[in-house]
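Its first residue numbered 272, the sequence shown is counted upward by one per residue in my numbering.
All remarks here apply to the structure that follows.
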Amino acid sequence: MTVDSRLLATVLACVLIGSPACADGVKIIPSVNGGVKPTGSWSAGARAGDFVFVGGMRGIDPATNKLVDGEEARIRQMFVNMQQVAAAEGASLRDAGRLTIYVSDVVRLRPVVNKVQEDLWGKGPYPPRTVLEVRKLDQDDIAEVDGTFYAPLKK
């Protein structure tokens, strides 16, 4: 069973059995102030207990709802958009437990992703991540990221 499968199983178990770790169930985060506004049947993220799950974020400028120009700027905005959702639930980039990054060209874009992560996270350590090359992303975009964050509930 993969880490992602275990996290999903934990979330589902919390929902189904009402475990004390997830006493409040799953909280859907439709969008965050100043963040990207979903344009379809998806939400920016969800919280289940002490975990925050951020949905696929791309390099969209929240002010214009348009893709940012330039590969590095767009990939940076993608991470900033993810960071905004995590921050709304009390998590920072350092609280990332897992990232999945989808790119349209892994040879060309992985070095750009690495540079932007180094800029945003500093010298490390970096969260576990998987970078996958995909045939196509929405709007012929070049990259998308989703992440899982640890953000203990304040009691």
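For glycine and all other residues, C-beta sits at the position ideal for the given N, C-alpha and C.
Owing to the predicted nature of the structure, the values given are computational and were not obtained by experimental measurement.
Any non-hydrogen atom of the ligand COA closer than 7 Å to residue i Cβ
i: N385; result: The model on display carries no ligand, and the ligand COA is accordingly not part of it.
Proximal residues to residue i (C-beta, below 6 Å), its chain only, five neighbours per side dropped
i: V378; result: none
Proximity of residue i and residue j at Cβ, strictly below 8 Å
i: I300; j: A359; result: yes
i: L338; j: Q388; result: no
i: L424; j: G320; result: yes
i: N352; j: V307; result: yes
i: R345; j: I413; result: yes
Spatial neighbours of residue i in its chain, beta-carbon cut-off 7 Å, leaving aside the 5 residues before and after
i: A280; result: Confidence at A280 is low in this model, with a pLDDT of 49, below 50, so the placement of that residue should be treated as unreliable; the coordinate-derived value is given next. Within the same chain, A280 has no close Cβ partners at all.
i: V303; result: A315, Q355, V356, A359
i: D332; result: V339, Q348
i: I288; result: For I288, the predicted structure reports a pLDDT of 41, less than 50, and the residue's modelled location is therefore unreliable. A value from the coordinates is still provided. Excluding residues within five positions, none has a Cβ falling inside 7 Å.
Own chain, CB closer than 8 Å to residue i, minus 5 neighbours either side, in chain order
i: T401; result: L370, T371, I372
i: Q354; result: S363, L364, L391
i: R381; result: V374, V402
Residue nearest to residue i in terms of C-alpha spacing, selected from the options
i: Y397; options: V374, A367, L408, K425; result: A367
i: T335; options: G395, K425, G305; result: G305
i: K394; options: L380, R365, R381, R406; result: R365
i: E343; options: I331, K386, R318, V297; result: K386
i: L408; options: D376, K298, P399; result: D376
i: T310; options: A422, R329, E404; result: R329
Exercise. Is there contact here, the stretch 409 to 425 with the stretch 322 to 342, by at least three beta-carbon pairs under 8 Å?
Worked result: Touching, yes, given that three or more Cβ pairs across the two stretches are closer than 8 Å.
Exercise. Going along the chain, which unbroken runs of the beta strand (DSSP E) with 3 or more residues stay wholly within the stretch 321 to 348?
Worked result: Listed in chain order, they are 322 to 328.
Problem set entry | Whole beta strand (DSSP E) elements within the stretch 343 to 416, 3-residue minimum | The DSSP assignment places complete beta strand (DSSP E) segments of no fewer than 3 residues inside the stretch 343 to 416 at 367 to 374, 400 to 404, in order along the chain.
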